[in-house]
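Reviewing the structure listed below.
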Amino acid sequence: MFGFLETLVEYYTGRDASLLSDEALVLKVAHIKTIRKMEAENSLNNSLETFLK
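Residue numbers (my numbering): -9 to 43.
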């Protein structure tokens, strides 16, 4: 399970995650999830603004 999280963190951050504690990995994944959600919402808002012009 944590191997997958390490891979996920390394993919999105470009940094080695093997030295992070389990808690730090979970926090990083939560942070990445929040950022991805914000990016998706921003993209949707931009699309709606373009469509409604």
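Ideal Cβ positions, reconstructed from N, Cα and C, are used throughout, including at glycine.
Status (buried if at least 16 other CB within 10 Å, exposed otherwise) for residue i
| i | result |
| --- | --- |
| Ala55 | Any question about residue 55 goes unanswered here, given that the chain covers just -9 to 43. |
| Lys43 | exposed |
| Lys23 | exposed |
Of the listed residues the options, nearest to residue i (C-alpha basis)
| i | options | result |
| --- | --- | --- |
| Gly(-7) | Gly4, Arg5, Thr3, Leu15 | Leu15 |
| Tyr2 | Ala20, Thr40, Asn35 | Ala20 |
| Glu13 | Thr40, Gly4, Glu(-4), Met28 | Glu(-4) |
| Leu17 | Met(-9), Phe41, Val(-1) | Val(-1) |
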